[in-house]
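Start counting the sequence shown at 5; every next residue gets the next number (our numbering).
Have a look at the structure below before the remarks.
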Amino acid sequence: MNNSGAMRPSAESAAAALRTARAAENAARQSARSVPAWYPATHGLLLAAAMSGFGLARAWPRWEGWILAAALLCAVAFLVVTWRVQHASGVAPWFARRERGTARGAWVLPLIPFAAGLAGALLFGTAGAFIGFGIVAGAVSWLQAARGRAGAREAS
């Protein structure tokens, strides 16, 4: 006990806590490396197909039912693939902590798909909004996942 009556941790408990922290850090690094090579492309293409499909359905009323079914299937597949990869790896490696200087512009990239959707809406209405947002969001998603996977490989 110290002067305040609180117990001081022993050297053994401090060493055990340090070993636990190191093991957790190593597990996070290992799981970041376990993101499969096919994931960035699949992630981006499924997102683009789902969102664009919702817009194309309005543009082609004759095929609306089939296009909506395909878009919904792509959206569900996107969610399942995302969940399975993140759940299997234990962490989402592309949401890693950033250095202080790089966080300033981090909010700009997610705004690009919304700007594309707005431009599509102004030019072509609701269908253009979905298609513009879908294609650009899919490309951004693909690039972010690929960049995160590459960064995880470099860190290992």
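Glycine included, C-beta positions come from ideal geometry on N, C-alpha and C.
Using only CA atoms, which one of Asn30, Ala18, Met55, Arg23 lies nearest to Ala143? By one-based count along the sequence shown, residue 143 stands at place 139. Taking only the C-alpha atoms, the option nearest Ala143 is Met55.
DSSP-derived helix/strand/coil call for Ser14: Position 10 of the sequence shown holds residue 14. When secondary structure is reduced to three states using DSSP, Ser14 falls in the coil class, being assigned neither helix nor strand.
Take Val85 as the anchor and find which of Ala154, Ser14, Asn30, Thr46 has the nearest alpha-carbon. If you number the sequence shown from 1, residue 85 lands on position 81. Out of Ala154, Ser14, Asn30, Thr46, Thr46 has the C-alpha closest to the C-alpha of Val85.
contact_flag[the stretch 49 to 66, the stretch 126 to 146] where n(CB pairs < 8 Å) is 3 or more: Flag = yes, the stretch 49 to 66 and the stretch 126 to 146 touch.
With distances taken between CB atoms, is the gap from Ala61 to Glu68 smaller than 8 Å? Taking the first residue of the sequence shown as 1, we reach residue 61 at position 57. Taking the first residue of the sequence shown as 1, we reach residue 68 at position 64. Between Ala61 and Glu68, the C-beta spacing is below 8 Å.
Alpha carbon to alpha carbon, what distance is there between Leu113 and Val140? Stepping through the sequence shown from its first residue, residue 140 is reached at position 136. Stepping through the sequence shown from its first residue, residue 113 is reached at position 109. Cα to Cα, Val140 sits roughly 11 Å from Leu113.
Would the beta-carbon of Ala150 fall within 8 Å of that of Gly59? One-based indexing of the sequence shown puts residue 150 at position 146. One-based indexing of the sequence shown puts residue 59 at position 55. Cβ distance not < 8 Å, so Ala150 and Gly59 don't count as in contact.
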